[in-house]
Amino acid sequence: MTPGAKKKEQSAPSKISSAGLGRESADLRITQPDPYAGYLANINKTNNVVSTEDIFDSRGQLLIRKHANIDEGCAQRLLQHRLLKPLEEQVRVKDALTNKSLLAEYSRFFEAHADIYTMQRHLGFTQEMERLIQGMHLPSILAQKMTVMKLRLPDQFHKALFSSWLAALIAREMSLHKDDIYAAFLAGLTHDIGFLHISPEIFNNKGEASVNDWRAIQSHVVIGQLVLKGYRELPESVSQAVLEHHERCDGTGYPATKDESSLSILGQIVGMSDALQALRMGIFVKTGRNLRDAMPFLRLNSNTHFYDIYCASVDILRKSGLEPTPVAHPQGNAQYAPLLAHRISYLKQAVSSMKQIAGALSKIESGPKGRVSLRTFMQVLNSITTSGMARDELLGWVGQIDDGIDDSVLLEINEIELMQNELAWQIGSAQRTFNAFLERECNADSQLQSTLRMHNDRLRESLEKLRQH
Ligand SMILES: [Fe+2]
């Protein structure tokens, strides 16, 4: 048993998602059953999950005998009790991932994504990565959890493959020590392991998340740190990086809104890899874009994750062997000029609302949510100003686009479109933070509150139009 496992014996699985969070978050999570037992029961249908010892609840009552199949009935029983020991330490999953099978998963992943395969060859990372995986020491419980992720949350598993690959590449590009490249790889692989302990209803909700659901989703970084902490086989920096992968250098991230003075490099490398993953494996899929097309996104995020990480990421894309993808408008390129013009005007409206909100926020004596909210709005306003995306000159350039668009103009149009998308995402993220402030912390007088809500409604309208076009 690892020292980490010993430490974990003290906390029951149903508490795994609550420990370490703020009081409010702990209250929220403690009422939720840990869905990991449900995932195991599902996997049991194909991969045979067996208890390796008698499983007791926290009062010493026997729940499941040794060598039992963890089926639906067992899962229901387990979900109703706090356990003496974490469930994952008391079960074995048949055919769990090994270094060899994980290597095969990466091979399949490269075969399925031509641009990533091209990058791998151009950057000469193939053999180094193979050696890294072959020499990897993944604790058996983490191999079990990654197997569960592969079978029950396959999209998350592929995102983990992407993030680990890119995190290692960025670390190598920054000339970090080989131990740090290894740690970046492991942190990239396991960064979202906490999602295995979040209710599938919340996790799979495609609609707009409520403030409570959003906080539950955010808790995955703390859960991930708890899962990874204390394993002798893992570099200590891995659990720290997992905890920090949604923190941002400008202090607008979570869970602790740390700023660059206290953030680890590895956490920000994983943060950058995860952000690029979200583009490449998410919205780029629809338009057939490749990872090289993430360059406009990088330009808008040069200081989000440490400038050195930005530089390394840009260098990787430049040396990737990939070219930007010209993407024609589905209804003909003549549609682009009015489309961009509309989006510029919606962006200007959003700027106006955000300035009003930031101005009001700066005059209020507010707590942490208010301060983060103000900082986030200021950061987005700065992004929009420096990008030139709301300037009249850009509107003038767009007005001159005629029907005969060649590839070089099309690429410029695509770049503007991608920057507008990224700014829309940043505005949405700032508004989520602001909504949490309005709901939970704002104690301004009623007149100021109604002014803030009015500007917030206007901002929501502009943002919806920006996203719809
Ligand atoms: Fe995450």
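Note that this note's numbering gives residue 937 to position 20 of the sequence shown, counting from 1, and the numbers run on in steps of one.
From the three backbone atoms N, C-alpha and C, an ideal C-beta is built for every residue, glycine too.
Because the structure is a prediction, the values reported are computed rather than measured.
Self-check item: Proximity test, aspartate 1191 beta-carbon vs ligand 1 heavy atom, cut-off 7 angstroms
Solution: Indexing the sequence shown from 1 puts residue 1191 at position 274. Within the cutoff, so yes.
Quiz item: In chain order, what residues of the same chain have a beta carbon less than 8 angstroms from the beta carbon of glycine 977, not counting five sequence neighbours either side?
Solution: Working through the sequence shown from its first residue, we reach residue 977 at position 60. Beyond the five residues adjoining it in sequence on each side, glycine 977 comes within less than 8 angstroms, by CB distance, of Leu1001 in the same chain, given in chain order.
Practice problem: Identify the continuous alpha helix (DSSP H) that holds serine 1269 and give its terminal residues. | Solution: The sequence position of residue 1269 within the sequence shown is 352, counting from 1. Unbroken alpha helix (DSSP H) run through serine 1269: 1253 to 1278.
Quiz item: Where does alanine 954 land, buried or exposed, given buried means 16+ other C-beta within 10 angstroms?
Solution: Numbered from its first residue, the sequence shown carries residue 954 at position 37. With 16 or more other Cβ atoms within 10 Å, it is buried.
Exercise. Just grab the DSSP bridge partners of aspartate 974 for me.
Key: For the purposes of this step, residue 974 is taken as the residue at position 57 of the sequence shown. Beta-bridge pairing links aspartate 974 to Leu1000.
Quiz item: What is the DSSP secondary structure of serine 968, counted as helix, strand or coil?
Solution: The sequence position of residue 968 within the sequence shown is 51, counting from 1. Serine 968 falls in the strand class under three-state DSSP.
Quiz item: serine 1262 and arginine 1375: beta carbons closer than 8 angstroms?
Solution: The count along the sequence shown starts at 1 and reaches residue 1262 at position 345. The count along the sequence shown starts at 1 and reaches residue 1375 at position 458. No.
Exercise. Using alpha carbons as the reference points, say which of Pro1117, Leu1327, Gln993, Leu1083 lies closest to glycine 1188.
Key: Indexing the sequence shown from 1 puts residue 1188 at position 271. Glycine 1188 has its Cα closest to that of Leu1083, out of Pro1117, Leu1327, Gln993, Leu1083.
Self-check item: Residue span of the beta strand (DSSP E) that contains valine 1008, given as start and end
Solution: On the sequence shown, position 91 is the one that residue 1008 refers to. From DSSP, the beta strand (DSSP E) with valine 1008 extends over 1008 to 1010.
Quiz prompt | isoleucine 981, DSSP secondary structure in three states | solution = Taking the sequence shown and counting its residues from 1, one reaches residue 981 at position 64. Residue state, collapsed to three classes: strand.
Quiz item: valine 1128: buried (16+ other C-beta within 10 angstroms of its C-beta) or exposed?
Solution: Locating residue 1128 in the sequence shown gives position 211, counting from the first residue. Classification of valine 1128: exposed, given that the 10 Å Cβ count is below 16.
Quiz item: Helix or strand or just coil, what does DSSP make of asparagine 986?
Solution: The count along the sequence shown starts at 1 and reaches residue 986 at position 69. In this structure, asparagine 986 counts as strand in the three-state DSSP scheme.
Quiz item: In chain order, what residues of the same chain lie with their CB nearer than 7 angstroms to the CB of leucine 1196, ignoring the 5 residues before and after it?
Solution: Taking the first residue of the sequence shown as 1, we reach residue 1196 at position 279. Within the same chain, leucine 1196 has close Cβ partners Ala1211, Phe1214.
Self-check item: Integer-rounded CB distance, given that isoleucine 1233 should sit under 8 angstroms from isoleucine 1186
Solution: Stepping through the sequence shown from its first residue, residue 1186 is reached at position 269. Stepping through the sequence shown from its first residue, residue 1233 is reached at position 316. Contact flag wrong, Cβ pair sits at about 12 angstroms.
Practice problem: Return helix, strand or coil for methionine 1091, following the three-state DSSP convention. | Solution: Here residue 1091 corresponds to residue number 174 of the sequence shown, with the count starting at 1. Methionine 1091: coil per DSSP, three-state reduction.
Self-check item: Length of the line joining the Cα atoms of aspartate 1096 and glutamine 1273
Solution: Along the sequence shown, read from residue 1 onward, the residue named residue 1096 stands at position 179. Along the sequence shown, read from residue 1 onward, the residue named residue 1273 stands at position 356. Straight-line Cα distance between these residues: approximately 48 angstroms.
Quiz prompt | Span of the alpha helix (DSSP H), counted from its first residue to its last, around isoleucine 1058 | solution = Residue mapping note: residue 1058 aligns to position 141 of the sequence shown, counting from 1. From DSSP, the alpha helix (DSSP H) with isoleucine 1058 extends over 1057 to 1069.
Practice problem: Scan the segment 1320 to 1363 and note each continuous alpha helix (DSSP H) run of 4 residues or more that stays entirely inside, going in chain order. | Solution: 1324 to 1357
Quiz item: Are isoleucine 1330 and tyrosine 1253 closer than 8 angstroms when you measure CB to CB?
Solution: As a position in the sequence shown, residue 1330 is number 413, starting the count at 1. As a position in the sequence shown, residue 1253 is number 336, starting the count at 1. Yes.
Quiz item: Quick one: Cα of arginine 1009 to Cα of threonine 963, how far?
Solution: Residue 1009 sits at position 92 when you count from the first residue of the sequence shown. Residue 963 sits at position 46 when you count from the first residue of the sequence shown. Spanning the two alpha carbons is a distance of roughly 13 angstroms.
Quiz item: Is the CB of serine 1283 under 8 angstroms away from at least one CB in chain C?
Solution: Note that chain C does not occur in the displayed structure, where there is just one protein chain.
Quiz item: Considering valine 1138, what are the terminal residues of the alpha helix (DSSP H) in which it resides?
Solution: Locating residue 1138 in the sequence shown gives position 221, where the first residue counts as 1. Per DSSP, valine 1138 belongs to the alpha helix (DSSP H) from 1137 to 1145.
Quiz item: How would you label lysine 1011, buried or exposed, when you count the other beta carbons within 10 angstroms and need 16 or more for buried?
Solution: Start at 1 with the first residue of the sequence shown, and residue 1011 comes out as number 94. Exposed is the call here.
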